[in-house]
Each structure stands twice: as C-alpha cells, then as structure tokens.
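Before any comments, here is the structure.
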Amino acid sequence: MTDNLLPTGLPRIDLLEMRGVVKRFPGVLACDSVDFDIKAGEVHALLGENGAGKSTLMKILYGLYRMDAGEILLNGRPVQINTPTDALKYGIGMVHQHFMLVDTLTVAENVALGLKSSRGPLLDLDKVEARVAELSRVYGLQVDPKAPVWSLPVGVRQRVEIIKALYRGAALLILDEPTAVLTPQEVDELFITLRRMTADGHSLVFISHKLREVLALSDRISVLRAGGLVGTTRNENITRHELARMMVGREVLLDRNKAPVKVGETLLSLNDVEAYRVTGTRALYNLTQELRGGEILGIAGVSGNGQRTLAEVIAGLREVRDGNVSLLGTDITKWGIDKRIEAGLRYIPEERMHDGVIQDFSIAENIILQDHVRKPFSRGIFLDFKAIARQSQKLVDEFRVKTPSIDTPIKSLSGGNIQKVILAREISNAPKVLIAAQPTRGVDIGATEYIHERLIEQRNRGTAILLISEDLDEVLALSDRIAVLYEGQIMGVVDRQDTNAEALGLMMAGVRQENLVEMKAADR
Amino acid sequence: MSNATGRSSSSKRLGGDRLFDALLPAIATLIGLLFGAILLLVLGVNPITAYGSLFQGAFGTVSGITQTLTKATALLLVALGICIAFRGGVINIGGEGQIIVGAIASTAVALALPNLPGMLLIPLTLLAGALAGALWGGIAGVLKARFAVNEILSTVMLNAIALQLMNFLLRGPMLDPEQAAAGTNVPQSATLPDQVWLLRLVPRTLLHTGLILAIILAVLVYIFLWRTTVGYRIRAVGLNPSAARYAGIPVRRYMALAMILSGAFAGLAGAVEVTGVHHRMIEGLSGGYGFSGIVAALFGKLHPLGAIPASAIFGGLLVGADKMQRSVQVPNSLVVAVNGLVVLFVVASDYFVKRRARRRVADVPPAAMPPLAAAVAAESQG
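Top to bottom, those sequences are chains A and X. Under my numbering, the first residue of the first sequence is numbered 1, with each subsequent residue one higher. Under my numbering, the first residue of the second sequence is numbered 1, with each subsequent residue one higher.
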C-alpha cells in the first residue's frame, strides 16, 4: 500500500468533495450551492474575479468559515471541518496570499511556531531543522532551515510557507493567489515544485484570476462567478478566451489594439535621483529616466523595488535627496504637491482606499479633493455646490460609476467603482503627466478593461503616462516602452515590441539589459 | 436569487433600523442613568427621588432653566471649538487653559479701557478673549505641526500653565485694589466697567445675551465646516490625513489651524463668562467647562448644531446635580460618575450605529451589489 503514501509518509487524499456548499453573508450569497472536488495528484484551479467566492469556498474547506449548507466528503466519508486544526487533522493545508511568517525568526522557528514540541515546554529546534531539511530535499524546495526569514527573498518565503504546510502534514494544499508576488522566473520555479508535488500524490487547489497561469498549471479548472459555479472543465478542452468569458459572463477583449505611438516632447524627466523610504533605507539610486508626451512608460518590477518611492518622488510626496525632477522643462524638485498638481501632474496612488479617497466623504466631495480651491468648485471662500454637483454627475455618468447618487459615501462603492471615480478625477482636467500606480489591482475584469481603455485614450491625446504595475500582463498590454526597476535602479528600458515576459523577468531579477544581450549571445 | 425572501424582509426592517439609530443616543442616555440608579441604590438613595430632584432642579423652575442655559452657553462655545478640532483630527484637551487665558485677556482689556463705550468695548473684550484662547491653542497646534508634539500632552500641560498664570495674576498684578486695600486678598480682579456687561436676558438671573451669540456662532461654524473650502480641508485632514496630503492639502498647517480655532472658541467662552456672568475675573471661573465641553460636543456627534441641544442637556445635568446633591445628600462626585456613565454609553452606542451601517451596505440587492463590496462585507464578517 506504499502507493497510497506521500513522501511525507502520510496517506494521500484520493478524493475530496464539497457538495452543495452555501455560504451567506448578510445580504450576500458568497457561495451558492457550489460543488467542487479534487483528486490525488491533480491541480484543480479555482478561477474567478475578486468576490466571486473562490477564497470563501476555500476558507470553508480550511475551517476558517462555516458553511450554511452543504457537506464535505473525504474519500467518500463526510467530515466536519470547523477550525484550521480540524483541516490539518484531515491533511488539508493552506498557503495564504499574504505570508504568515515572523520576520525575525528563522525558517525552522517559523515552522515550529504554534506546534507542540516533542520536548514539552522546551523547543527541539534540531529536530525541526532536520525535518525541514529533509522536506526541502524531498520536494526540491531549496531552503536553509537556519536562515532568518527577513533575509530571504519573496520566492523563498513562499517555499517556507509550503514547507510549513507539509510539515504539518498537508496532503491537500490550497494555494491562494501564490504568484501575485513572484517574478516570472520564480513563478516557473514554483510551478516545477508544484508539479513535483502532484506527481508524488499531493492534491493542489490553485486559486487565481490569471488565465495564463491557470492554463499553464492546472489539470482541471472550475470557474466561479458571483458565488455560483459556472462550470468545471479539463484544461485541454478550453481556451483563454472561453475562460475569460466564463469568468466575466460576456465577451472580453484580452489584447488591446493601440494606435501607433505619436511621441511628443519630453514632459517629465528624472536626473540622477536618489531618495529614501520612511524607514531610512535607500529606495532609488542614480535614477535617470525621461517620459514623453503620448507614450505609456511601464515600470515593471517585483513589489518593493522602489516603485512606490518613484511615484512619490514625482508627485512631491517624498524628498529627493540628490538629483532633480523636472516637469515640462522646469525644475520642480523643490515644488510642493499642490503646485505640481496645478501644473498638470496627476497621480493615481496604489493604495486607493488609504491615499486616493476619503472614505467617509461622498463621491462629490472626493471628486473635488484636489481642485476644491480652484474654479469652478469654489467662489471666494465658499464651495460652489451647484458646480460640484454638475461636474460630479457628469463624471459619474461618463465613467459609468455604479452608485445610487453622487452623495453616496464612497466607501460603499466597489473597488472598481472607486477606482473609476479616482481615474475620472485625475484625467478630467486633461493632465500633462499622469502617474498610474497599480491602477487595476483588486479591480474586476470589466472595470479593468474600462480603465485600460481610458488610459490609452489619454495617451492618444498626448498625456505622458507612467504606469507602475506589478502585473506584468498589464505592463505588456499597455506600455509603449518598459523600464524595469530592481533595487531602486533601472535595469533597462525596452520598446514593447522588442521584448517579452522572459527578458523582463530576468531584468526584474536584477540582470541588466546589456548583460541580457550577452546571455542571449552565449545561448547561441 | 435563492435568498430573495430573506432580502426583502431585511429591507422592510430598514426604516425601523434608521429610527432606532436616531434614538440610540437617547436610549444610551437612559441606560447610563439606569446604571447610575444602581450606584444611587448602593448609597441607599431612592433613584426616583434623586433623578426627580435632578430634573426639577435643571428644568423645573424658571431659575433652574436660566441656570441651565447659562451653563449651556459656556459649554456650547467650548463644544463648538471641540467640533472644529476633532473634525480636523486634533484632540483639544486644553479647553480649561484656553478659557482661563481668554478670561484673563478680556478682563485686562476691559479694565484697561474703562472709558470706551460698550458698543466698542464689548466686541473688543470678546475679541481679546478669543485671540488669547487662539494663541493658547495655537501653541499646541504649532508644536504638533512643527515638531509632532502630541497635542493631548501639550494641551494638558498648557492647562497647568494657564492655571498657575491665573493664580499669579489674581494674587498680584490683577488683584482687585479694593481687596488689596481691605487686606482680605480674595483672589479676584476688580469689577469690569458696567458698559461691558452683557445684557441679561431674564432680569435677576444670570442668563445673558452670550447664549444668543453662541447659537449664532453654532450656525456659523456649521456653515464654516460644510460650506467653505477651509472647512472642507479641515474635515478632509481629520478624516484621512494621508489622502489629504496626496491631494496637495498642507495637512499640518490645517491641523494647527483647527487647534487655533478651537482655542479661540474656548477663549471666547472665558470672555463671555467674565462679561456675562461674573463681571470680573475670579478663581475657578473655567468651572470644568473645558472638559464638559468635550462631552457635550461628543454627545452632539461633533456637529455644531447637535452641540446646541447637547450643551443644554449637559448644562441641565450640571445644574440638576447641585440640586440633587442638596436634596438627597449624595456626594457631587456621584453625579460626575453618572455623567461619565452617560457619556460612556453614548460614545459606545456610536459603535453600534456604525456596525449596523456596515451591515446595511451589504443589504443592497445583488444588481447594485458589487463583487468587491461583497468580498469586503465577507471579510468584515470573518
């Protein structure tokens, strides 16, 4: 019966079924009698937009939520899973989107955290370390058990999370958006590991909204939409377009047709800019880059390589320690934020709920956030409510913001609609330069499509757009040129048509453009 | 749509929900009084008699009502300042100190210009009080804006400084010459020239025209906060300093401004107490209004118009407390405790209103129910 054992020595889960799962939140049906099953040795992808119910369904399986109706069957036998401890008892583990690791502890210490030690109240780290080393060897997950977590790159931290789940005896592993924080190369490595795990008999649930990755990895794909199961299909029976349609419920434009770029003059330039984060670490180093009217310059890079500081330096939110920034040929390094806004520089910040809107303000009040002191929104010291209402209603209609009224507090809108309000606000004044940071993060496909359209429209009318995005597909879809940021420096700038995800991925991992050419030559 | 029935019944409940929310402060007040009743019972006092005398004292007689409204005047002025500060995201605990410096400055101005006609002297005196309060609040505001000094600490410290300043002045430079001559040395200033005394609204009571001024100012503060660009900025800074900064609003400058304005209102309260009630500077003039004003502002939901009834209620509690203390012989501190209970419950009730509001967001039918909001609602439940 060794066939039924995993390399960890535990039995595999031949078949896990969720039947008729219903989960209600007040006023929302998060899961509408969903059926889902997974067999040993397969990757079953759960695909859907934000809020489709993927995470809810899996949180039920992992014991974080309780279902209102339905049952879970393990190898045909009904089981009760009320807590994550129950889930682990049955061999179900979960790797969360946001890592649950303590930075200051070592890998082994993190793995041991929360578990009973074999030596009672005393830790037995040697034993844990040995086991971690063994697991990392068996599964090809290169990890040093003694390394402190803070010293590890994101990709390795994810391996630690997987090892943590395996250590706890997971036969079935739920991976919640595991690729969100990885470079393309790290994604490839992760997929190799995952395939190895399934070959050994593990079952994997892969939660994602990225079509490409789902198609690359999964054996079967289930699509959820608005809490309901749209369908389950084998990978080979379906195309990217069909999946997108299932996900959104209508035809989706995946590839964008752009008019050829009509590049104007340089509108924004950064010269030898050096800047620091709040924490005092250097975020940008010797950064020189120019941005021309009528182009979208995409900034690609793994999260945390200085993207945010770059946007803040341009917007005037962060001090430039060295070098200078100029807008339309004028040195604006010492300018305040408001002066830059008035000069035509606009910024869609990445943390939209925190930096982009005032949640308790109405839509109308949020629309005038930058311009309330300018015409037509105020006369003397008084706000002009008629003008404010007129403009707000116009933008809400024009940008198809779904809201009962312009007086609705903005926090009651969906992420996509909030982002539309921000976009409307930032582009309604015909900006010269627009910084768009993660403009579609957490936004549903419909709104994403719309936001992309409007960005391209801005580009076509001559705005210089700096697109900062961790979603490489988005950068590739929109940009005319792409600059790759790695540890605060630009590794290279390439024209969109001359590059591909692979080349960008290498630069995102710190390979300079000039070395890239050498590597290619060496390949031949 | 399998749960359509559940949804429609919940939307039927909605109207009742809103009414409940509106009544919640009143309900919370009653619960606070109920707990207070337990304290009274422990002390062996019949709570019905006690509360009866409290109510009778505050609202039952003309004299009671005028006293209540007199106290409400000072409370309202302070509360208006608190509304501005809290809306701007700064916590002003310095009302006491600001009242004191306001009273000192207005007394000094009125005594220095005894020959000026009332038409000029009254506005000048009140303005002096407001400016002194603004200065006192401004110190804390600027310290916060410039050096990130916690305004709670600095305003409390400034209270102590103002108090000692008053003690010094009333025993030295500002001591009433008559007191000095008689050798009694009661720490108080000379009587102000009578043209600066505010008109009494009801003869032979303390109720003065300051009440009308305070109510007019409440309306003006409302207009200021919700109709002007500066008010908009103060509210934006208070609700989300980060987004305000991203939008180009100089956040720290507006926080300082909120503190300055807040101090001005407390200073004005001091000036009004001097010109309307005591007609001189006396010790203990601030009477705890700097703190009770915060309570009144919170009770009025930090809305300038809400502060009007809230101040009347709290004025009533203060006056009624004296009466209750005398008629059923309970220590005054118990009354303070009952007030505290009421505040506690009112502030806590706000949490329930918010939580129910969040639930209602999730009650929107599916067509208008965007997926992300659903996810957010789901998260907040989980």
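Cβ coordinates follow ideal geometry from the N, Cα and C atoms, glycine included. Remember, it's a predicted structure, so these values are computed and weren't measured experimentally.
Cβ shell of LEU170 (chain X) (< 7 Å), same chain only, five flanking positions each side left out: PRO187, GLN188, SER189, MET281 and GLU283
Burial state of HIS531 (chain A) (16 or more Cβ within 10 Å): In the structure as shown, chain A begins at 1 and stops at 524. Residue 531 (chain A) is therefore absent and cannot be evaluated.
When A:GLY293, A:VAL248, A:ALA275 and A:GLY48 are compared against GLY264 (chain A), the one with the closest alpha-carbon: A:GLY293
Chain-ordered chain A contacts of TYR232 (chain X) [CB-CB under 7 Å]: HIS372 and LEU383
Integer Cβ distance of ASN271 (chain A) from LEU485 (chain A), believed to fall under 8 Å: Actually they do not touch by this definition, with Cβ atoms about 16 Å apart.
Endpoints, the alpha helix (DSSP H) within which LYS258 (chain A) is located: LYS258 (chain A) -> no alpha helix (DSSP H), and no H or E assigned at all.
Distance CB(LEU46 (chain A))-CB(SER203 (chain A)) smaller than 7 Å: no
Distance, SER269 (chain A) Cα to GLU312 (chain A) Cα: 14 Å
Within chain A, partners of LEU239 (chain X) - CB distance below 9 Å: Neighbours of LEU239 (chain X) on chain A, chain order: ILE358, GLN359, ASP360 and PHE361.
Selection of the segment 55-82 of chain X by Cβ proximity to chain A, strictly under 9 Å: none
Segments of 4+ residues assigned as alpha helix (DSSP H) that fall wholly inside the segment 39-73 of chain X: 47-55
CB contact flag (THR73 (chain X), LEU217 (chain X), <7 Å): No. Outside cutoff.
Reduced DSSP category for LEU284 (chain A) - H, G, I as helix; E, B as strand; rest coil: Here LEU284 (chain A) sits in strand by DSSP.
Residue nearest to ASP32 (chain A) in terms of C-alpha spacing, selected from A:GLY9, A:MET67 and A:LEU5: Among A:GLY9, A:MET67 and A:LEU5, the Cα nearest to that of ASP32 (chain A) is on A:MET67.
Below-7 Å beta-carbon distance, TYR145 (chain X) vs any chain A residue: The sequence shown places Ala at residue 145 (chain X), rather than the Tyr named in the question. No, because no Cβ of chain A sits closer than 7 Å to the Cβ of ALA145 (chain X).
Residues from the segment 208-238 of chain A in contact with chain X, defined by Cβ distance under 7 Å: ALA226
Boundaries of the beta strand (DSSP E) in which GLY20 (chain A) is found, first to last residue: 15-25
Exposure label - TYR139 (chain A); buried when at least 16 CB within 10 Å: buried
Proximity of VAL107 (chain A) and VAL79 (chain A) at Cβ, strictly below 7 Å: no
For VAL361 (chain X), three-class secondary structure by DSSP: Because the pLDDT of VAL361 (chain X) is 47, which lies under 50, any placement of that residue in the model is unreliable, and the number read from its coordinates should be weighed accordingly. Of the three classes helix, strand and coil, the one that applies to VAL361 (chain X) here is helix, per DSSP.
Cβ distance (whole Å) where GLY316 (chain A) is taken to contact ARG340 (chain A) below 8 Å: 5 Å
Below-7 Å beta-carbon distance, ALA243 (chain X) vs any chain A residue: yes
Interface flag, ARG253 (chain X) vs chain A, CB-CB below 7 Å: no
Residues sharing a beta bridge with LYS39 (chain A), DSSP: For LYS39 (chain A), the pairing in a beta bridge is given by DSSP as A:LEU15.
is_contact[ASP338 (chain A), chain X] using C-beta, thresh 7 Å: yes
Nearest-angstrom beta carbon gap, VAL205 (chain A) and PRO175 (chain A) [assumed within contact, 8 Å]: Correcting the residue type first, residue 175 (chain A) is Leu in the shown sequence and not Pro. In this structure LEU175 (chain A) touches VAL205 (chain A) by the C-beta definition: roughly 7 Å separates them, less than 8 Å.
Local conformation of SER405 (chain A) per DSSP, three classes: coil
Partner residues on chain A for ARG227 (chain X), Cβ-Cβ distance less than 7 Å: PHE382 and LEU383
Cβ separation of GLY301 (chain A) and MET508 (chain A), assumed to be a contact under 8 Å, to the nearest whole Å: The pair is a contact, with the Cβ atoms about 6 Å apart (cut-off 8 Å).
Coarse secondary structure for LEU57 (chain A), derived from DSSP in three states: If DSSP states are grouped into helix, strand and coil, LEU57 (chain A) belongs with the helices.
CA-to-CA distance, ALA243 (chain X) to SER106 (chain X), given in whole angstroms: Going from the Cα of SER106 (chain X) to the Cα of ALA243 (chain X) covers about 40 Å.
Euclidean distance between Cα positions of ALA364 (chain A) and GLN419 (chain A): 14 Å
Contact set between PRO349 (chain A) and chain X, taken where Cβ atoms lie within less than 8 Å: Residues of chain X passing the Cβ test: TYR246.
Exposure label - MET58 (chain A); buried when at least 16 CB within 10 Å: When all chains shown are included, MET58 (chain A) counts as buried.
Proximal residues to ARG212 (chain A) (C-beta, below 8 Å), its chain only, five neighbours per side dropped: ARG240 and ASP473
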